[in-house]
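Enquirer:
There are 2 protein chains.
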Amino acid sequence: MACPTRRTKIRTVTVHLGDRSYHVRIGAGVLSKLGDMAGEVTDGRLAVVVADGTVADLYGRAATDSLTSAGFRAELLTFPAGERNKNLATFSSLMDELLSLEPPIDRSALIVALGGGVTGDIAGFVAATALRGLPWLQCPTTLLADVDASVGGKTAVDHPAGKNLIGAFYQPGGVLIDVEALRTLPVEELRGGLAECVKHGVIRDASLLDAIDSNVEPIFACDPEVMTDLVARNVAIKAAVVAEDEREAGARAHLNFGHTVGHGIEAASGFGTLSHGQAVSLGMVAESRVAVERGIFDRTDAARVERLLERLGLPVQLTGLDADEVWRIMQHDKKALGGRVRMVLPTGPGTVDLYDDVKYDEVAAALASLG
Amino acid sequence: MACPTRRTKIRTVTVHLGDRSYHVRIGAGVLSKLGDMAGEVTDGRLAVVVADGTVADLYGRAATDSLTSAGFRAELLTFPAGERNKNLATFSSLMDELLSLEPPIDRSALIVALGGGVTGDIAGFVAATALRGLPWLQCPTTLLADVDASVGGKTAVDHPAGKNLIGAFYQPGGVLIDVEALRTLPVEELRGGLAECVKHGVIRDASLLDAIDSNVEPIFACDPEVMTDLVARNVAIKAAVVAEDEREAGARAHLNFGHTVGHGIEAASGFGTLSHGQAVSLGMVAESRVAVERGIFDRTDAARVERLLERLGLPVQLTGLDADEVWRIMQHDKKALGGRVRMVLPTGPGTVDLYDDVKYDEVAAALASLG
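Residue numbers (our numbering), protein chains in the order written: chain W, 119 to 489; chain H, 119 to 489.
(1) Look at Asp239 (chain H) and Thr273 (chain H) and say whether their C-beta atoms are less than 8 Å apart.
(2) What whole-angstrom Cβ distance do Glu343 (chain W) and Gly147 (chain W) have, given they're in contact under 8 Å?
(3) Look up Cys340 (chain H) in the DSSP assignment and say whether it is helix, strand or coil.
(4) Kindly list, in the order they appear in chain W, the residues whose Cβ is closer than 9 Å to that of Phe287 (chain H).
(5) Cβ of Trp254 (chain W) within 8 Å of Cβ of Ile229 (chain W)?
(6) Run down chain H in chain order and give the residues with a C-beta less than 8 Å from the C-beta of Ile447 (chain W).
(7) Gly251 (chain H) to Val244 (chain H), Cα distance in whole Å?
(8) Would you say Lys281 (chain W) reaches chain H, if we count a Cβ-Cβ gap shorter than 8 Å as a contact?
(9) Using 8 Å for Cβ pairs, my map puts Ile144 (chain W) next to Thr346 (chain W). What's the rounded Cβ distance?
(10) Exposed or buried, which one is Pro490 (chain H) when buried takes at least 16 other CB atoms within 10 Å?
(11) Determine, for Thr130 (chain W), whether the minimum Cβ-Cβ distance to residues of chain H falls below 8 Å.
(12) Relative to chain W, which residues along the segment 191-218 of chain H have a C-beta separation below 7 Å, given in chain order?
(13) Note down, in chain order, each residue of its chain lying with its Cβ closer than 8 Å to the Cβ of Asp475 (chain W), except the 5 sequence neighbours on either side.
(14) Residues bridged to Trp254 (chain H) by DSSP?
(15) In angstroms with no decimal places, state the Cα-to-Cα distance between Ser508 (chain W) and Leu217 (chain H).
(16) For a quick check, are the C-beta atoms of Leu194 (chain W) and Ala169 (chain W) less than 8 Å apart?
(17) Are any of the Cβ atoms in chain W nearer than 8 Å to that of His277 (chain H)?
(18) Does Thr247 (chain W) come within less than 8 Å of chain H when only Cβ atoms are used?
(19) I want to see whether chain H comes within less than 8 Å of His381 (chain W), judged by CB atoms only; does it?
(20) Please tell me whether Lys317 (chain H) has its Cβ less than 8 Å away from any Cβ of chain W.
(21) Are there 16 or more other CB atoms within 10 angstroms of the CB of Asp264 (chain W), so buried, or fewer, so exposed?
(22) Using only the alpha-carbon positions, how far apart do Arg163 (chain W) and Gly234 (chain H) sit?
(23) Can the beta-carbon of Val551 (chain W) be found less than 8 Å from the beta-carbon of Gly285 (chain W)?
(24) Spell out whether any CB of chain H is found under 8 Å from the CB atom of Ile284 (chain W).
(25) Near Val497 (chain W), which residues of its chain fall below 7 Å by C-beta distance, leaving aside the five closest residues on each side in sequence?
(26) So that I know if they touch, is there some Cβ in chain C lying closer than 8 Å to that of Pro222 (chain H)?
(27) Would you report the Cα separation of Asp183 (chain W) and Glu215 (chain W), rounded to the nearest angstrom?
(28) List the residues of chain H that His450 (chain W) touches, going by C-beta distances under 8 Å, in chain order.
(29) Which whole runs of the beta strand (DSSP E) in the segment 155-186 of chain W are 3 residues long or more, in chain order?
(30) Is the beta carbon of Val521 (chain W) sitting closer than 8 Å to the one on Leu232 (chain W)?
(31) Apart from the five residues on each side of it in sequence, which residues of its chain come closer than 8 Å, Cβ to Cβ, to Asp323 (chain W)?
(32) Which one of H:Phe209, H:Cys257, H:Ser226 has the shortest CA to CA distance from His277 (chain W)?
(33) Near Gly319 (chain H), what residues of its chain come up, given a Cβ to Cβ distance below 6 Å and the 5 sequence neighbours on each side ignored?
(34) Could you give the DSSP three-state label for Ala192 (chain W): helix, strand or coil?
(35) Mind checking if Lys127 (chain H) is an interface residue toward chain W, Cβ cutoff 8 Å exclusive?
(36) Using only the heavy atoms of the ligand GDP, determine whether one of them is closer than 7 Å to the beta carbon of Thr132 (chain W).
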């Protein structure tokens, strides 16, 4: 069924945010439409593609060719790949390059973030702050960025004190997701995206869990039709949540399911030991078990989620966790308020609620049960 | 009449920006109300005052005392005074200090920008980007910051390629203007603020020009009643313009009167040769003369503005300007679009309009007439 040159139809999901609304276009081979989309979001003639070195080698030329064909002057700025480079130093270098272009950029200059979450975050932060805000497009190239970072307008760089501590909410003018790019993605990164897809199913749509369960093989084969559908469904869920709550005051907190304990596990294990997706998988298992022990979530629903995570190659067990350390990190999460831990717990198939009365003992018991 | 300890009444001007609306409170001695205002904009208990060393020595204690009295834990972060320090390096140091506070800050932490335009710009940019946005208050201490930077939500740092090239639009939760702080301001800085007051009169309210003209002595004596009125009138004008047009698409461009040629003169003379206020004064004279030569502005109205600027000690003459260089800089202004110069020209007492057909010859003639 997989045939790299076949074009599936293009799916469009609209993110409704008043005068900051934008479209997400998803399909196989759609990177060739980048120039057209650029023309929809700026009257200018300059487009600056930002990518890490790896993605620039793979897709930089396709992006600039499409922009050039549409009449843009296209520039490509690169930075060294890796989350460790998502910092103010890289931000500053990219700014230096952007602000040294001749003729100097004006506010019609378009930024195109081409790559995974790191690129979207840092290029988006450049777009948010250069001349106090330039139009920008996101072209995510990883499943995680497709289904998560592509919607919501979160931009940021890391700081030694923590991840994403410096940034802005700044919506793109549009998002273009070429699912063909997933073919060059390491399987571990595909799994990281799938963890977020499972999360979306748990918080909003239990039938998405069935759809993933029925398509594990074509998903790992990156079948264009299946991936287009999968990404479109997930983008639609995230778009609905973000539209409800653009700046994280309420419903958007639901997207943190699995992430409160997950971040704690990720940091307590030492960043880099577990991938983000692996930590989120373990976080979802732990948080589901907290909900089960509270009697608000059915044990069979929790077991079903765990089985699906296992089928996808995501971890559901981990030994040697220091519960005190995980709890301490959770209390210092930037989404915590005054040291009070806030946790999203499943309450049924496709539904969750936010709890701010979760106790240390409950989390410690759930963590112990992972061993 | 001037009596430092007498309290004038507090004037309030509201900046109407939908759910980002806020109040500007103006009066003599109102810095003592900082703690109360802080309580109106955050539910948190941490307030971080950002000031340069000079202002921290003068008013840092008064600010933190007021915050502490209102139940806040108050921290004071300082940076070296001067526009040359309004850069990413200072921003990065302030971020390091802010993000190293223990216990770590959360999104309820309040930033207080205490000082002139540089402090408002850089502390505002810290507020805009720390944890993707913290609540913040502005306490301007210069007349220029009182009547200009305090309204509009512009935050930024400079870049070697130009001023204010990295920043964000980010509205404060409130502004507190203590006109007593003007007493410690060098007279040259007072004049810089007065240049903007004259600008407001030209673009929106000719009677403001009369009010300034009738109060030159009490203004330079920093009479609290007169300064409270002067600041309130100017804040109201700027607030009305910004409310019409938050992100500089239309009416807000009127605030650039005097600044298009002014920035060109400032840069062509070498930054630091002329103060910003002096450059804007010369820019207003030159732009008014362009309008007079076009036959859209009355020569006697233009002469009246020039006489007022002279009475205030602001320059209306300058020799040795390189018109080619000024024009080149104007074409590269970040508000220019595609190299096209856009200029605000007076069309009557208290009215202006935006023109994008101004030619080199007109500007060169106006610059020559300054000599």
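Think of the CB as a built atom: it goes at the ideal place given N, C-alpha and C, for glycine as much as any other residue. Here the structure is a predicted model, which means the values were calculated and not measured.
Expert: Working from what's here:
(1) yes
(2) That belief does not hold up - the Cβ atoms of Glu343 (chain W) and Gly147 (chain W) are roughly 13 Å apart, past 8 Å.
(3) In the displayed model, Cys340 (chain H) falls within coil according to three-state DSSP, outside both helix and strand.
(4) Those are Arg250, Gly251, listed as they occur along chain W.
(5) yes
(6) Under the 8 Å cutoff, chain H gives no residues; its nearest Cβ is about 11 Å from Ile447 (chain W).
(7) 8 Å
(8) Under the 8 Å criterion on CB atoms, Lys281 (chain W) is classed as non-interfacial with respect to chain H.
(9) Sure, about 6 Å apart at Cβ, within 8 Å.
(10) Within the shown structure, residues of chain H are numbered from 119 to 489, placing residue 490 (chain H) beyond reach of any answer.
(11) no
(12) Listed by position along the chain: Leu206, Ser210, Met213, Leu217, Ser218.
(13) Hits under 8 Å: none found.
(14) H:Ile229
(15) Because chain W spans 119 through 489 in this model, residue 508 (chain W) falls outside it and cannot be assessed.
(16) yes
(17) yes
(18) yes
(19) no
(20) no
(21) buried
(22) Their Cα atoms are separated by approximately 37 Å.
(23) Past the edges of chain W, shown from 119 to 489, lies residue 551 (chain W), and the structure says nothing about it.
(24) yes
(25) Lying before the first or after the last residue shown, residue 497 (chain W) is absent from chain W, which here runs from 119 to 489.
(26) Absent from the structure: chain C. Protein chains present are W and H.
(27) 21 Å
(28) Pro221, Pro222
(29) 164-170
(30) Outside the modelled stretch of chain W, which goes from 119 to 489, sits residue 521 (chain W), for which no answer is possible.
(31) Arg351, Ile355, Gly468
(32) H:Phe209
(33) Leu326, Leu327
(34) strand
(35) Not closer than 8 Å to any Cβ of chain W, the Cβ of Lys127 (chain H) fails to qualify, so no.
(36) The ligand GDP is absent from the structure shown, which contains no ligand whatsoever.
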